[in-house]
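Accompanying notes for the structure given below.
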Amino acid sequence: MNPIQGKDREILRRLAQKQLEYATCAKNDEILKKWQAQAEGRREGPTVRLLFSNFPHEVVDPRMQCEGKEARELERAMLNTLVGRELFDDDTPISPTFDIQWRTYVSPFGISPQKTRSNIEHSQGFHIDPVIEDLEEEIDKLKGGSFGVDREATMERMALAEDTFGDILKPRLVMGSLTGPMTSPIVFLMGMEAFYCSLYDCPEKVHEAMDMACTVYEKYYDFLENEKLLCPTAGISPVAQESFAFNHELPAENVTRTTQCWGFLESQETTAVSPEMFGEFVFPYQDRLVKRYGLLSYGCCERVDAIWPEYLSKWKNLRKLSVSPFNNEAQVGEYLRGSNVVFYSKPRAEYVTNHGPLDEDAIRAYFKEVAEHASGCMLEVAQREVGTIFGDFERGRRYVQLAKETIDTYWKP
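First residue of the sequence shown? That's 54 in our numbering, and the numbers climb one at a time after it.
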């Protein structure tokens, strides 16, 4: 890979210097104290962030300046790191390192999904084009899951970052949380209706498919251990669902086993089935994977209130629980109050995405409810599922300010 030279190099070095300044400023120290309190199980000030994964075209793309392909990849990574703090003044912690993940991959099945995506620019919508019509007849199509790593590409990225700005911002290998999605890969192959019908029509084949996927993940975890590809999941390293790995229970160095790492699981595709069906078709396979994790973050947009008493509460290494608006949030607060499990709040998005000026009174009223539901819990607020802020950085900043002020007023430890 050729070195980055000229104007692109200058841009990247200035950006690296900016990240270092954010990482070493007093404000970052204050934010890190909040995250460290959560890591140590202390109910102190909640963290509040506005996440932009669905609208990078509004907050990252317009600020890109580099021209070369490799330079733009590095630039985008640093701009992504800075959005929360630089544009929204939220509680995103900034690392004094340029973080790079191993380019590993895992596919639980031997067949790829097909999707038709919306032709509307920046739309997130898609349609599943089934590649399996009848699970009972076509179960063999699923066989052949795979996993691996591209060591060369990972090391090339490390070397390029080191050469370009390593004297300012040191490249660091990090690892995201271990994941093991099972229901979503099946649904992406056959569609939701066909999957739900299969639970009734051929339950033994659903079990076979779930076991197949679970076994691939278990072998993948063995591969990560044997190939020495595990990194510490502590401090400012990523946990799925755009969170961080702050904790005081896992090692910050010399990680050799997956049981020393964060894991993440979810099954939002089964949110409409009964708790008993979740217990039959999903929980046993997730339970196998949970045993391979040191700590666990659970949930995406599904309801977790219904499956907490008989299932999720059984996992003693659970430390972060996604609480989307589809839940009875007051009930989840009752479940988690006084525990060491973080109430990972994902508030309703329409208060920031609706057209027109922000309805500040409605925002305050809403976050008052969130704060009261989660009082007595360790609270982390991550505003996800936002499709647009209409390119208005100040709109995002003001929204965060209102949320933080309201939560600071009404949340009680």
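For each residue, glycine too, the CB sits at the ideal point set by N, CA and C. For clarity, every value in this text was computed on a predicted model and none was experimentally measured.
Residues near residue i in its chain [Cβ-Cβ closer than 7 Å; skip 5 each side]
i    : result
A92  : F299, N300 and H301
H48  : Here the chain comprises residues numbered 54 to 466, so residue 48 is not present and cannot be evaluated.
A124 : I57, D61 and L65
V453 : V101, L103, F141, D142 and D143
Y158 : F200 and G201
G76  : The amino acid occupying residue 76 in the given sequence is Ala; Gly does not appear at that position. Same-chain partners within the cutoff: I147, S148 and P149.
Q72  : M131, T134, L135, I147 and L222
Neighbour-count burial assignment, residue i, 16 or more Cβ in a 10 Å radius
i    : result
F443 : exposed
R170 : exposed
E74  : exposed
S320 : buried
A415 : exposed
N81  : buried
K367 : exposed
T236 : buried
R4   : Here the chain has residues from 54 to 466 only, and residue 4 is not among them.
A262 : buried
K87  : buried
I173 : exposed
E322 : buried
S377 : buried
C267 : buried
E111 : buried
P466 : exposed
G198 : buried
M117 : exposed
E128 : buried
A79  : exposed
T309 : exposed
Q294 : buried
A305 : exposed
Beta-carbon contacts of residue i that lie in its chain and below 6 Å, excluding the five residues immediately before and after
i    : result
D358 : N380, N381, Q384 and V385
V292 : S230, A298, W315 and S350
R448 : I442
A424 : I460, Y463 and W464
G347 : L303, T312, Q313 and C314
P166 : F241 and L242
M431 : Q91, R96 and V395
T207 : W155 and R156
V269 : P161 and G198
Y273 : V159 and F200
Residue i: first and last residue of the uninterrupted alpha helix (DSSP H) it sits in
i    : result
S160 : Unbroken run through S160 is the beta strand (DSSP E), T157 to S160; no alpha helix (DSSP H).
A212 : R204 to F218
T462 : F446 to Y463
L374 : No alpha helix (DSSP H) holds L374; the beta strand (DSSP E) holding it covers L371 to V376.
R62  : G59 to A76
K80  : A79 to A92
R341 : F336 to V343
Endpoints, beta strand (DSSP E) assigned at residue i
i    : result
D142 : Taken as a continuous stretch (DSSP letters only), D142 belongs to no beta strand (DSSP E), as it is neither H nor E.
L101 : Looking at the sequence shown, residue 101 is not Leu but Val. Element bounds for V101: T100 to L103.
R170 : Q167 to R170
V112 : Looking at the DSSP string, V112 is not in any beta strand (DSSP E); the run it does join, the alpha helix (DSSP H), is P109 to V112.
V357 : Note, V357: premise wrong, no beta strand (DSSP E); not H, not E.
L222 : Element bounds for L222: n/a, residue is neither H nor E.
F151 : T150 to Q154
L365 : Run containing L365: none; DSSP gives neither H nor E here.
Y351 : L348 to Y351
Cβ neighbours of residue i in the same chain (closer than 8 Å, five flanking residues each side left out)
i    : result
R506 : Not covered by the structure: residue 506. The range shown for the chain is 54 to 466.
L455 : L411, E413, I416, R417 and F420
M211 : I153, P224 and L226
F334 : L252, P256, V259, H260, M263, T323 and V326
I192 : K258, E261 and A262
F446 : V112, L140 and F141
heavy atom of the ligand FAD below 7 Å from residue i C-beta
i    : result
G429 : In terms of ligand content, the structure shown is empty, and the ligand FAD therefore cannot be addressed.
### Task
Determine, using beta-carbon pairs with one atom in the stretch 162-179 and one in the stretch 205-219, whether at least three such pairs fall under 8 Å.
Touching, no.
### Every unbroken alpha helix (DSSP H) inside the stretch 301-330 [4 residues or more]
none
#### Entry: Completely contained beta strand (DSSP E) runs for the stretch 389-453, where each covers 3 or more residues
395-398 and 431-436
### Message
Could you tell me which whole alpha helix (DSSP H) segments of length 4 or greater appear in the stretch 256-310?
### Response
The stretch 256-310 contains these whole alpha helix (DSSP H) runs: 256-279.
### Query
Taking only runs of the alpha helix (DSSP H) that begin and end inside the stretch 231-260, which ones reach a length of at least 4 residues, in chain order?
Whole alpha helix (DSSP H) segments, 4+ residues: 236-243 and 245-254.
### Query
Can you list the beta strand (DSSP E) stretches of 3 or more residues lying completely in the stretch 179-204, in chain order?
You should have 179-182 and 199-202.
### Contact between the stretch 335-343 and the stretch 387-395 (3+ Cβ pairs under 8 Å)
The stretch 335-343, when compared against the stretch 387-395, does not touch it at the 8 Å Cβ threshold.
### Message
Quick test of the definition: if touching needs 3 or more C-beta pairs under 8 Å, does the stretch 395-407 touch the stretch 429-441?
### Response
Result yes; three or more Cβ-Cβ pairs closer than 8 Å.
#### Entry: Meets three-Cβ-pair contact criterion under 8 Å: the stretch 281-288 and the stretch 244-263
no
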